[in-house]
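> One structure is given below, represented as structure tokens, and several questions about it will come after.
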Amino acid sequence: THGEVERRIVSQLLTLMDGLKQRAHVIVMAATNRPNSIDPALRRFGRFDREVDIGIPDATGRLEILQIHTKNMKLADDVDLEQVANETHGHVGADLAALCSEAALQAIRKKMDLIDLEDETIDAEVMNSLAVTMDDFRWALSQSNPSALRETVVEVPQVTWEDIGGLEDVKRELQELVQYPVEHPDKFLKFGMTPSKGVLFYGPPGCGKTLLAKAIANECQANFISIKGPELLTMWFGESEANVREIFDKARQAAPCVLFFDELDSIAKARGGNIGDGGGAADRVINQILTEMDGMSTKKNVFIIGATNRPDIIDPAILRPGRLDQLIYIPLPDEKSRVAILKANLRKS
């Protein structure tokens, strides 16, 4: 069978690698995007014992990759590669190469009416006008689907503070908690301050919890991943925990990122109290979330926001320092806030 063939291949590979002498001057290299699927025996000492993580490039890395792929392209004066690099969270080298190609193709498409396909050569004047503009890059960006962010829906929100009526105190508190550490990490480092990793919004439904999370992500120029609690739970053993791991991995890859858990009470109920829960699936999910939160480095620029209208049933462990340690109440709007909400919504109509 296929499984037996695979086992024989792995055994043969192990035998050959163990038989390699140091003086043989042979180095065996391998590549994968699924390291956890590899037979653990291959990752032991003397085999593939050095692991190099080739991660998702940051903004500086993306800029260098863009410069390489555009060095032979004619760029218009308005092209700002630094801005393109900042707007391409989650893009790997192959994605950026495809982005540059798509932008160049778009520039050609716009000039197709000036090109006579029957001529063997293109007029020099037309060739000179074929410059890739910033609009071409924006169009290519709208068509791109970065590898690191596939499957989990990652968005760059368009919501601003002006779109949210009222809640001035909440906005100010969010700026201090989230925006300042993202924009001024050096100052926090200088004074030895550790910024908060997460916040819990609680209050009646429909009061703007999701909107606030999107607005703070936009103000920080961060990506936004929104997860509804019940979506994480599946009937298959171990799959819910795998979903949690995958979401946190996506958030790290999409950094700077705001990770928003809506209806947190559905997955973060006090442990041991989930009656009728098959095999303690909900308890395993909350344990996995706590593990991921504790393992989240402050350098990763991932901020976690939870939202609930039932804070009384949330597991206390998730509200401890280093997790969702800041609680913000989102109240029903008073008269002044209602006027501000009406103005904000009527402005768009």
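Numbered by the working numbering, the letters in the sequence shown go through residues 1432 to 1780 in order. Each residue gets a CB set at the ideal place from its N, CA and C atoms; glycine is no exception. Bear in mind that the values here come from a model prediction, so they are computed numbers and not experimental data.
Work out the CA separation of residue 1467 and residue 1447 for me, nearest whole Å.
For residue 1447 and residue 1467, the gap between their C-alpha atoms comes out near 22 Å.
> Could you tell me whether the Cβ atoms of residue 1735 and residue 1755 are closer together than 9 Å?
yes
> Hey, out of 1752, 1506, 1639 and 1451, whose CA is closest to residue 1771's CA?
1639
> Consult DSSP for residue 1567 and reduce its assignment to one of helix, strand or coil.
Residue state, collapsed to three classes: helix.
> Given a cut-off of 9 Å, decide if residue 1442 and residue 1522 are closer than it, judged by their beta-carbon atoms.
No, Cβ-Cβ distance for residue 1522 and residue 1442 is not below 9 Å.
> Are the stretch 1538-1545 and the stretch 1491-1499 touching, with three or more C-beta to C-beta distances below 8 Å?
no
> Suppose you measure from the CA of residue 1605 to the CA of residue 1507; what does that come to, to the nearest Å?
39 Å
> What span of residues does the beta strand (DSSP E) with residue 1733 cover, start to end?
1733-1739
> With DSSP as the reference, label residue 1576 as helix, strand or coil.
coil
> Looking at residue 1565 and residue 1511, is the spacing between their C-beta atoms short of 9 Å?
yes
> Just how far apart, CA to CA, sit residue 1518 and residue 1766?
39 Å
> What are the partner residues of residue 1757, as DSSP defines its beta bridges?
Note: residue 1757 sits in a beta bridge opposite 1630.
> Can you grab the Cα-Cα spacing for the pair residue 1634 / residue 1700, in whole Å?
17 Å
> Starting from residue 1645, trace the alpha helix (DSSP H) both ways and give me its first and last residue.
If you look at residue 1645, you'll find it in the alpha helix (DSSP H) that goes 1640-1650.
> Determine the extent of the beta strand (DSSP E) in which residue 1678 is found, giving its start and end residues.
Here residue 1678 belongs to no beta strand (DSSP E); instead the alpha helix (DSSP H) covers 1670-1684.
> Look up residue 1690 in the DSSP assignment and say whether it is helix, strand or coil.
strand
> Going by DSSP, what residues sit across from residue 1745 in a beta bridge?
1700
> Between residue 1688 and residue 1656, is the Cβ-Cβ spacing less than 9 Å?
yes
> State the start and end residues of the unbroken alpha helix (DSSP H) segment that holds residue 1619.
1616-1621
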